[in-house]
Amino acid sequence: MQRFALIAIPYAWLLALFLVPFVIVFKISLSDIALSIPPYTPTLGDGVGPFFSALDFENFAFLASDDLYWKAYASSLRIAAVSTVLTLLVGYHDAYAMARAPQEWRPTLMMLVILPFWTSFLIRVYAWMGILSQEGFLNQFLLWTGLIGEPLTILNTTTAVYIGIVYTYVPFMILPIFAALDRLDGSLIEAAEDLGCSRLQAFWLVTIPLSKNGIIAGSFLVFIPALGEFVIPSLLGGSGTLMIGKVLWEEFFNNRDWPVASAVAVILLLILIIPIILFQRNQQRQAEEEA
Amino acid sequence: MNRLSWFNVTSLTLGFAFLYLPMVILVIYSFNESKLVTVWAGFSTKWYGELIRNEAFLDAAWVTIKVAVLSSTFATVLGTMAAYVLVRGGRFLGRTLFSGMIYAPLVMPEVITGLSLLLLFIGIGLDRGVLTIVLAHTTFSMCYVSVVVSSRLMTFDRSLEEAALDLGCSSFDAFRLVTLPIIAPAVISGWLLAFTLSLDDLVIASFTAGPSATTLPIKIFSAVRLGVSPEINALSTIMIGIVTVGVISASLISKRNSLRQQRDEQAAARTA
Chain U
186 MQRFALIAIP
196 YAWLLALFLV
206 PFVIVFKISL
216 SDIALSIPPY
226 TPTLGDGVGP
236 FFSALDFENF
246 AFLASDDLYW
256 KAYASSLRIA
266 AVSTVLTLLV
276 GYHDAYAMAR
286 APQEWRPTLM
296 MLVILPFWTS
306 FLIRVYAWMG
316 ILSQEGFLNQ
326 FLLWTGLIGE
336 PLTILNTTTA
346 VYIGIVYTYV
356 PFMILPIFAA
366 LDRLDGSLIE
376 AAEDLGCSRL
386 QAFWLVTIPL
396 SKNGIIAGSF
406 LVFIPALGEF
416 VIPSLLGGSG
426 TLMIGKVLWE
436 EFFNNRDWPV
446 ASAVAVILLL
456 ILIIPIILFQ
466 RNQQRQAEEE
476 A
Chain F
189 MNRLSWFNVT
199 SLTLGFAFLY
209 LPMVILVIYS
219 FNESKLVTVW
229 AGFSTKWYGE
239 LIRNEAFLDA
249 AWVTIKVAVL
259 SSTFATVLGT
269 MAAYVLVRGG
279 RFLGRTLFSG
289 MIYAPLVMPE
299 VITGLSLLLL
309 FIGIGLDRGV
319 LTIVLAHTTF
329 SMCYVSVVVS
339 SRLMTFDRSL
349 EEAALDLGCS
359 SFDAFRLVTL
369 PIIAPAVISG
379 WLLAFTLSLD
389 DLVIASFTAG
399 PSATTLPIKI
409 FSAVRLGVSP
419 EINALSTIMI
429 GIVTVGVISA
439 SLISKRNSLR
449 QQRDEQAAAR
459 TA
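Below you can see the structure in the form of structure tokens.
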């Protein structure tokens, strides 16, 4: 009895507030827009028969016919992929340096990496608005050093979005890579060097392959959320940056077209299923290797 | 091996400068006299004064704290239960679906979670307000709690529980008297994580909040869309300050506890 309640309560909660809502999104993506509240037909109030018979793929056909959506998905994928690579470069560098730091420093360094994660995401993105704007801190600094003659336009471009994603997601990259490098046996690198590898070769042939799991985990942890990101493109990207999270938001709040917003969400979900499954497999394999 | 080369020192300095400089600049400019956020015009705390007089912000802050306390508490209870089921529940019908539903919200884009919950609330005719935000936040943060707690449960020595059961505890008493005190640090960090996630959330709250309940991130977002403002800098500084003090004191407390535990274990080993 106790066991049943223990399983049933969280199970029922997740079914009602996680799974059922997805079924509703899927259903509404197949409905028609209506000028009422809620703004779609048919609703469950119309009875079960019409509720299912009136469904069609009109919204998906609409998404396929309109350039905007193709471009938004493509540019989200591109932005997420490029920023994952950039984050990997920055994050690997930091994680490597942390793993080489004296043992007694490491807990403090770990805490310094985690600390920004506890600070508001919104505030961390907002901080860059003041830095990247025309008369912002970065431009003032570059003008002062004389490196540039006139202020650069960075805010409201894709570059600003890359900076924002790398900045906010780099802790997700550092932590799994650091965990892998921290466990790495230093004598393996010494052995490689003794056997005639240069330091760079040892890095490529020993360090990188042995931190592979951390690299894969970190990359998925950045790529997956970056793909559906909303806050960063809307604060730093300006109107020129197209990302699917922003399109969904605008479709819903500005155009009030709930069926199309739902169809956008369903396709985003389908795109995400592949990386999510790959990520879970990687985590499972890693857990098995450790066990 | 453990000597720091100049290369690594530079890497660490640059890496942490990148992580912290933007926030340092934000904090410095919150004390700027000028309304123009990028021109320094002398030290002043006037934006903090403006902030305290801004009732819309204070109301939103109150709603946010209420939502965060409620949702993190529910999430901790549900998440701990879920973790226990995942690690100790054995086999039951639909276990794969259950663990899928625990891990999926962690990687789900917030826009999708928000949209789907809103459609649910409208479908069942629930008025949007504090209640709907609490329900939404509880759902996604319970998954984080259960990940934190289950990782602790996995490394936990089961023979302690079995001993309690052999000595005549009911399974509930064994949980209350043996398991819970041992996993308590993980449960507390789960609560803190859920609390922070709720404080921080903009997207899901925007979908599930009604006109009667606006949270602080929603207020901040609509203000910063129009550009940088010194008042928001002041507000951000306060929030960064609270988090910094909280995280540092939490880590000092846990360090002290682990030292004490080490001493106790050593003392126990000596007497044994």
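For the protein sequence lines, the chains are U and F, in the order given.
Counting in this note's numbering, the first sequence runs from 186 upward without gaps.
Counting in this note's numbering, the second sequence runs from 189 upward without gaps.
All residues carry an ideal CB built from backbone N, CA and C; glycine is no exception.
Check                                                                                                                      : Outcome
Nearest-angstrom beta carbon gap, Ala271(F) and Thr326(F) [assumed within contact, 8 Å]                                    : Rounded, the Cβ-Cβ distance is 15 Å, inconsistent with contact.
Rounded C-alpha distance that separates Phe211(U) from Arg340(F)                                                           : 36 Å
For Ile339(U), three-class secondary structure by DSSP                                                                     : coil
Whether Trp313(U) touches Tyr352(U) by CB criterion (8 Å)                                                                  : yes
Proximal residues of chain F, C-beta to C-beta of Ala446(U) below 8 Å                                                      : Leu303
Cβ of Arg466(U) within 8 Å of any chain F Cβ                                                                               : no
Proximity of Gly277(F) and Ser394(F) at Cβ, strictly below 8 Å                                                             : no
Exposure label - Gly282(F); buried when at least 16 CB within 10 Å                                                         : exposed
8 Å contact criterion, which Leu390(U) and Ala365(U) should meet: CB distance rounded                                      : In fact, because the Cβ distance is near 16 Å, the residues do not count as touching under 8 Å.
Cβ of Asp345(F) within 8 Å of any chain U Cβ                                                                               : no
Residue from Ile240(F), Leu285(F), Leu214(F) and Asp388(F) whose Cα sits closest to the Cα of Ser260(F)                    : Asp388(F)
Ala286(U): first and last residue of the uninterrupted alpha helix (DSSP H) it sits in                                     : Careful: Ala286(U) lies outside any alpha helix (DSSP H) and carries neither H nor E.
Contact between the stretch 232-249 of chain F and the stretch 444-455 of chain F (3+ Cβ pairs under 8 Å)                  : no
CA-to-CA distance, Leu453(U) to Gly246(U), given in whole angstroms                                                        : What sits at residue 246(U) in the sequence shown is Ala, not Gly. Their Cα atoms are separated by approximately 15 Å.
Positions along the stretch 382-399 of chain U whose CB lies within less than 7 Å of some CB in chain F                    : none
Ile461(F) (DSSP reduced to helix, strand or coil)                                                                          : This structure gives no information on residue 461(F), because the portion of chain F shown stretches from 189 to 460.
Contact belief for Tyr311(U) with Ser424(F) at Cβ below 8 Å, rounded distance in angstroms                                 : 7 Å
The stretch 251-275 of chain U: positions lying closer than 9 Å to chain F by Cβ                                           : Val275
Within 8 Å of chain F by C-beta, residues of the stretch 296-328 of chain U in sequence order                              : Met296, Leu297, Val298, Ile299, Leu300, Pro301, Trp303, Thr304, Ser305, Phe306, Leu307, Ile308, Arg309, Tyr311, Ala312, Trp313, Met314, Gly315, Ile316, Ser318, Glu320, Gly321, Phe322 and Gln325
Environment of Ala456(F) [buried if 16+ CB atoms lie within 10 Å]                                                          : exposed
Every unbroken beta strand (DSSP E) within the stretch 352-411 of chain U, with a cutoff of 3 residues, ordered by chain   : none
Reduced DSSP secondary structure (H/G/I, E/B, other) of Asn190(F)                                                          : For Asn190(F), the pLDDT reaches just 47, beneath the cut-off of 50, and the residue's location in the model is therefore unreliable, leaving the point undetermined.
Cβ-Cβ distance between Leu294(F) and Cys331(F) below 8 Å                                                                   : yes
Residues near Ala352(F) in its chain [Cβ-Cβ closer than 7 Å; skip 5 each side]                                             : Ala362, Leu365 and Val366
Under 8 Å between C-beta atoms of Tyr474(F) and Gly315(U)                                                                  : Residue 474(F) lies beyond the range of chain F shown here (189 to 460); nothing can be said about it.
Residues of its chain near Lys234(F), where Cβ-Cβ distance is below 8 Å and the 5 sequence neighbours each way are ignored : Glu221
Those residues which DSSP pairs with Asn220(F) across a bridge                                                             : Phe231(F)
Cβ distance (whole Å) where Ile321(F) is taken to contact Ala397(F) below 8 Å                                              : 5 Å
Closest by C-alpha distance to Asn421(F), when choosing among Ile209(U), Leu262(U), Arg309(U) and Arg188(U)                : Arg309(U)
Which listed residue (Ala438(F), Leu314(F), Thr201(F) and Ile408(F)) has its alpha carbon closest to that of Leu380(F)     : Ala438(F)
Unbroken alpha helix (DSSP H) run spanning Val416(F), endpoints                                                            : Per DSSP, Val416(F) belongs to no alpha helix (DSSP H) and is neither H nor E.
Among Leu385(U), Ser268(U) and Arg291(U), the one whose alpha carbon lies nearest that of Leu406(U)                        : Ser268(U)
Spatial neighbours of Lys256(U) in its chain, beta-carbon cut-off 8 Å, leaving aside the 5 residues before and after       : Leu427
Cβ-Cβ distance between Val255(F) and Thr403(F) below 8 Å                                                                   : yes
C-beta neighbour in chain U for Glu298(F), strict 8 Å                                                                      : yes
7 Å Cβ cut-off: residues of chain F touching Tyr196(U)                                                                     : Phe286
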